[in-house]
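Engineer: In the numbering used here, the protein residues as written are 20 to 118. Every residue, glycine too, gets a C-beta built ideally from N, C-alpha and C. I'd like to ask you about the structure that follows.
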């Protein structure tokens, strides 16, 4: 699962994009992981240096509240008007788009 995954929560409840240092070690606790095929039971996922890490030791912990972590989404049919279109797609969890 790519580290670009997002917590699947309603758009209105999403916080502004983080400005945290990409080298920060973060442990997302109490999240279920969806890999496109199956959904796991709640677990901890560590992100270190922008990649999935191995251990939560020394990580800043964020409680996912049982939300679902999934890979970045792909939108295979967009009509790119301007930069705001990409910003809107990103707010929905889309990390790849084809015009």
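I'd like to know whether the C-beta atoms of residue 91 and residue 115 end up nearer to each other than 8 Å.
Structural biologist: yes
Engineer: If you follow the beta strand (DSSP E) that residue 86 is part of, which residue opens it and which one closes it?
Structural biologist: Taken as a continuous stretch (DSSP letters only), residue 86 belongs to no beta strand (DSSP E), as it is neither H nor E.
Engineer: Would the region 72-82 count as touching the region 41-61 if we require 3 or more Cβ pairs under 8 Å?
Structural biologist: yes
Engineer: Note the first and the last residue of the continuous beta strand (DSSP E) segment covering residue 46.
Structural biologist: Run containing residue 46: 45-52, per the beta strand (DSSP E) assignment.
Engineer: Taking buried to mean at least 16 other C-beta atoms within 10 Å of its own C-beta, is residue 67 buried or exposed?
Structural biologist: buried
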